[in-house]
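Here the structure is laid out as structure tokens; the discussion comes afterwards.
Number of protein chains: 2
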Amino acid sequence: MTTDYKPMWTSLGLNLEKHDALLDVLGKAYQDIYLSQQNRPEGMGYLDFVMSEVHGLRIKELQDARAAGRKVVGTFCVFVPDELILAVDAVSVGLCAGAEFGFDEAERLLPRNTCALIKSFFGFKLSRVCPYLEASDLLVGETTCDGKKKAYEIFRDVQPNIYVMEVPQMKTAQDRALLRSEYLRFKEALERLSGVTISAERLKRGIDLVNRRRSALARLAALRGANPVPVSGLDALLINQVAFYDNPARFTDAVEKLCSELEKRVGKGEGVAPKGTPRILVSGCPMAVPNWKLAAIIEGSGGVVVGEDSCVGERGTRNLVDDSGSDIDSLMEALVERYFKIDCAIFTPNQERVDHVLEMAEKYQADGVIHYALQFCSPYVVESYRVEKELSARGIPVLRIETDYSQEDTGQLKTRVEAFLEMIRK
Amino acid sequence: MTTDYKPMWTSLGLNLEKHDALLDVLGKAYQDIYLSQQNRPEGMGYLDFVMSEVHGLRIKELQDARAAGRKVVGTFCVFVPDELILAVDAVSVGLCAGAEFGFDEAERLLPRNTCALIKSFFGFKLSRVCPYLEASDLLVGETTCDGKKKAYEIFRDVQPNIYVMEVPQMKTAQDRALLRSEYLRFKEALERLSGVTISAERLKRGIDLVNRRRSALARLAALRGANPVPVSGLDALLINQVAFYDNPARFTDAVEKLCSELEKRVGKGEGVAPKGTPRILVSGCPMAVPNWKLAAIIEGSGGVVVGEDSCVGERGTRNLVDDSGSDIDSLMEALVERYFKIDCAIFTPNQERVDHVLEMAEKYQADGVIHYALQFCSPYVVESYRVEKELSARGIPVLRIETDYSQEDTGQLKTRVEAFLEMIRK
């Protein structure tokens, strides 16, 4: 970053010293993990630029938008519909955090047995190192898991502008009615926040923006089915992560451009890893920036990640919203229809997820599945039992990993992943 | 037990060897903890008898009922309305388990980071030592917490006759509609199971039975407000535990009789512990038989427990169902009304619980509150932060304990409880 963003960070109330420390770690990790990759597509240059300005230019854009009267809405979950946020001309940013930072402070408020993702956004807040949190006019939490649901009650003490959305736990008609009712309540909250009434036209525009982003990401996902695979799992993960906070139109253009480049690669039979490289599907918990741990281990051990069944991945991006309705009611219904399909482990039963993993494994020619769960994330940790059982029964090798954001178990994970890849190669 | 119940246990498929081991442990614990108490009310004789026949006579009653065409319904949560179960002449039994038994087997299916209550019912099932589980024609699980919600999916593999009820997470009108819809679905499931249609008259009878049981337990609770307290917390806990599986009419009579005896004690100013004994309110997770650990530590350290804000305690028993309606719809609505008030930590926000703890502390003249949470029970562990904060702000001493079913931390807990009682005495 060449511009001096310190005055902006100061005005946002950041702790500059800790923030510098975070940026140092982040920059070094990016250098080591991303910039050291061989044979990267040129289109990744855009992502490199975005990452270099992640706390700089993008925050300036948010602050400029706010100065122009627009609102910034921070979210923690793919159940929060970006379409509605965009429909009031607000800016949507994903706030899940992927670094072990400020955990000591977080553990003064939360049990130690809390997943790293929750501790991380508490730590970022308590250490005052996250400009996205500080620039948000509204934060949207949800009741997905026990940990988040109850943690937001405490988070409110340090960040009062938090709104909590209820998410159902089954898929009955009554659950759908609950989700619909919650989306209507959220729509009203956004209208109050922004002073903008969501017309059918506005909502269509929001749907269109998000559909286009999802279509670009689906195009990227499909290209990873090629053998050899034209892009690394690390780069694909980064793209899915950046989708949560970059300008949607600009981001979509960049991804489409990258996809055109990758199509040429595929046409020429070129890839980032030679044919025969074990192709791995990662399934499980979301990975927020800078949580690149597992993909780095897999690809550093001679495998390649070809798909993510994850909130930061296909769980968050697949299925478009039907934009054919012409009135607000039918568009809201289409929104509910799309989001109600999300196969998150918070649902019981959740056979859809197993089916989707099987479908992805076939589509992306995966040789094995690594199930990734954050420690203490009961929904995914418990569900991994069934995922392994059903996949194994169909002859798909599965490795179940439970970890956190620390680097302490990296060696052990590497050994397990290497053994898994070795087993696949045989 | 003088009768030979072995043939009955064998017919239920129990593992007799392991079952003997469990009964040995249970019998010894009961002897040490309960029968060693001084100055017990005579009315506790009934409870001693029930406990001596807990896997004997009561199971025979269940089997006799089944032979006569009635059904046995096993439940895991106070959100499952006994009124409906009784309305189809079925027998309701609480299945939460309170002993560390079969945990090795349980941990083959569940993460180690699962609360002891869940591991316990898995362990009981996998070791085949629980005649209640084996005698149940239907098991009713619910989506209260992530752990249970997802564990039932696995439990189904070993016990296919499980039915799962959804419980809402907030208290909006839409949540109430969800609960109503779930109670209607459950009513239909019970009708299918039993072949009995629930008429208004039948439901009224069920409501009456449960209301009378709740009233008797409320009478007992109120008597514990006396100083000195006429009954130990251990005995009161046992009564609340036995309420879950004893014959409701017989149990209610026994509790009423005990209450009359306690009233005389109170009239004479007699108690189980001298005036000046630190009076403790226990708040938090349920304690299923034979989980007497915390009450035993408190009362063994010179305190006395005067109330339980717990599912096995007032969270489960307070508030009656309005039985004034004359048609099934209004009675079902009354049922929803009563259960929707439950102040479980699964709700967000849950200020009602803090308010209720404050109310109980005053009513029972508590000198301090011990917050009891099972390790890995996120809803209660996280909520304990706010409970402590709000109580402390009002000058009520709070001790937060997080533990499991093992005896490993007994010494450490005793030290902490003693220090807490000492602090209160000053």
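As you go down the protein sequences, you meet chains A and B in turn. First residue of the first sequence? That's 1 in my numbering, and the numbers climb one at a time after it. First residue of the second sequence? That's 1 in my numbering, and the numbers climb one at a time after it. Beta carbons: idealized from backbone N, C-alpha and C, even for Gly. Just so we're clear, the structure is a prediction, and the values are computed from it rather than from any experiment.
Quick check on this structure: which residue in the options has the alpha carbon closest to the alpha carbon of residue i?
i	options	result
Q365/A	A226/A, P230/A and V167/A	A226/A
E256/A	E42/A, L16/A, A21/A and L14/A	E42/A
G56/B	R40/B, Q169/B and H19/B	H19/B
C96/A	L133/A, G102/A, D104/A and D48/A	L133/A
L62/A	G45/A, L47/A, W9/A and Q38/A	W9/A
V331/A	Q241/A, N319/A, A200/A and G276/A	Contrary to the premise, residue 331/A reads as Leu rather than Val in this sequence. It is A200/A whose Cα lies nearest to the Cα of L331/A.
L75/A	K6/A, A87/A, I239/A and G94/A	Reading off the sequence, residue 75/A comes out as Thr, not Leu. The candidate whose alpha carbon is nearest that of T75/A is G94/A.
T317/A	P7/A, R394/A, E333/A and Y339/A	Y339/A
A173/A	L421/A, V229/A and K341/A	K341/A
L86/B	G98/B, I396/B and V73/B	V73/B
S369/A	L399/A, L35/A and V382/A	Reading the sequence as shown, one finds Val at residue 369/A and not Ser. Comparing Cα positions, the closest option is L399/A.
V231/A	L203/A, R250/A and K264/A	K264/A
S120/B	D137/B, K148/B and S310/B	K148/B
G267/A	L223/A, N39/A and E299/A	L223/A
R108/A	Y34/B, V382/B, D146/B and R108/B	V382/B
Counting along the chain, where does the beta strand (DSSP E) carrying residue i start and finish?
i	result
D309/B	V304 to D309
R400/B	V398 to T403
S283/A	R279 to G284
Y372/A	G368 to L374
V25/A	That residue, V25/A, is in no beta strand (DSSP E); its alpha helix (DSSP H) goes L16 to Y30.
Look at residue i and residue j and say whether their C-beta atoms are less than 7 Å apart.
i	j	result
V304/A	G233/A	yes
Y380/B	G307/B	no
P286/A	I424/A	no
S406/A	E100/A	yes
E333/A	D343/A	no
I297/B	V140/B	no
V354/B	V312/B	no
K275/B	P349/B	no
L421/A	G302/A	yes
D253/B	M44/B	no
L193/B	L138/B	yes
A361/A	E402/A	no
Would you kindly work out how many angstroms separate the C-alpha atoms of residue i and residue j, rounded to a whole number?
i	j	result
S324/B	E53/B	37 Å
Y30/B	A243/B	17 Å
K150/B	D157/B	12 Å
N247/A	D82/A	12 Å
E359/A	L281/A	11 Å
L178/A	S378/A	23 Å
D327/A	A90/A	21 Å
R112/B	Q375/A	11 Å
L209/A	P168/A	26 Å
A135/A	V129/A	12 Å
E261/B	K389/A	57 Å
K171/B	A221/A	40 Å
G98/A	W292/A	9 Å
E191/B	E142/B	19 Å
R58/B	H356/B	34 Å
L110/A	K6/B	48 Å
L217/B	A295/A	57 Å
K125/A	Y163/A	16 Å
So with CB distances below 7 Å, who are the chain A contacts of residue i?
i	result
P349/B	E153
L190/B	Those within 7 Å of L190/B in chain A number zero; the least Cβ separation is about 18 Å.
L399/B	Within chain A, no residue comes near L399/B; the closest Cβ sits about 16 Å away, beyond 7 Å.
Mind pulling the chain B residues with CB within less than 7 Å of residue i?
i	result
S301/A	Ordered by position in chain B, no residue passes the 7 Å Cβ test against S301/A, which lies about 25 Å from the chain.
C145/A	D146
S181/A	Q174
Q169/A	T143, K149 and E166
L110/A	V382
Could you tell me which chain A residues have their CB closer than 8 Å to the CB of residue i, listed as they occur along the chain?
i	result
K150/B	A345, T348, S378, P379, V382 and E383
R40/B	Within 8 Å Cβ-Cβ: nothing; R40/B doesn't reach chain A, min ~37 Å.
What span of residues does the alpha helix (DSSP H) with residue i cover, start to end?
i	result
E299/B	K293 to G300
I198/B	Where I198/B is concerned, there is no enclosing alpha helix (DSSP H), given that its DSSP letter is neither H nor E.
Y385/B	S378 to A393
A97/A	Taken as a continuous stretch (DSSP letters only), A97/A belongs to no alpha helix (DSSP H), as it is neither H nor E.
G147/B	D146 to V158
So which residues on chain B does residue i lean against when the C-beta distance must stay under 9 Å?
i	result
L177/A	Sequence inspection shows Ala at residue 177/A; the Leu mentioned does not correspond to that position. Correct list: Q174, A177, L178 and S181.
Starting from residue i, find everything on chain A with Cβ-Cβ shorter than 9 Å and list it in chain order.
i	result
K113/B	Reading the sequence as shown, one finds Asn at residue 113/B and not Lys. Under the 9 Å cutoff, chain A gives N113, Q375, F376, S378, V381 and E402.
Against residue i, what residues of chain B qualify as contacts under a CB-to-CB distance less than 8 Å, listed in chain order?
i	result
R386/A	E153 and I154
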